[in-house]
């Protein structure tokens, strides 16, 4: 039989099991906290990207309206303000969010189809930002004028679905996340209880 030596140092098996159990409990409590922090970071990125897209859309609208006003003044139109007001507001918005990255000239017509001027946009964005929950530039576009009024389309990597939406709608005035749960990989409700599609 071995005698226990008082000068031996180390842990008994029971002490080791207690320490391992305590560490396991602590690490399990940290996992949900890490998930919450990750989701909160994704939500912050989503808010920033939505804000960037919306600001770019509004800048396009404002610059387009100013450019058409300049064209009307240069053409010697008498009542420029009244002529501008006769142009439906939806015609001052970009045709898609993809237009925010290009410098392609954009022609504006009035409600009767008369030429009003050409807007030469600058590139408001270098690229369309990613939806952080999908890690791809997939957004729902909301149109300023459409039949029906609630017409939307999905912008995915430069493609618009449905493809014919621009024949019944014009002027993207807002963007949001896709409403489909599968597209959003199950992320539908924010940590504060609101829905991402409503942001």
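In this note's numbering, the protein residues as written are 11 to 209. We put the CB at the ideal spot given by N, CA and C, even for glycine.
Which stretch, first to last residue, makes up the alpha helix (DSSP H) that contains residue i?
i	result
residue 90	90–96
Would you check if the distance between the CB atom of residue i and the CB atom of residue j is smaller than 8 Å?
i	j	result
residue 65	residue 184	no
residue 127	residue 81	yes
residue 78	residue 137	no
residue 170	residue 106	yes
residue 180	residue 100	yes
residue 139	residue 52	no
residue 133	residue 113	yes
residue 96	residue 120	yes
residue 111	residue 135	yes
List the DSSP bridge partners of residue i.
i	result
residue 184	152
residue 113	Bridge partners of residue 113: none, in fact.
residue 205	199
residue 118	127
Which word fits residue i, buried or exposed, when buried means at least 16 other C-beta atoms lie within 10 angstroms of its C-beta?
i	result
residue 32	exposed
residue 102	buried
residue 188	buried
residue 131	buried
residue 109	buried
residue 37	exposed
residue 151	buried
residue 35	exposed
residue 146	exposed
residue 205	exposed
residue 182	buried
residue 154	buried
Helix, strand or coil: which one does DSSP assign to residue i?
i	result
residue 140	coil
residue 49	helix
residue 43	helix
residue 22	coil
residue 133	coil
residue 31	helix
residue 37	helix
residue 106	coil
residue 145	coil
residue 190	coil
residue 77	helix
residue 85	coil
Identify the continuous beta strand (DSSP E) that holds residue i and give its terminal residues.
i	result
residue 129	125–129
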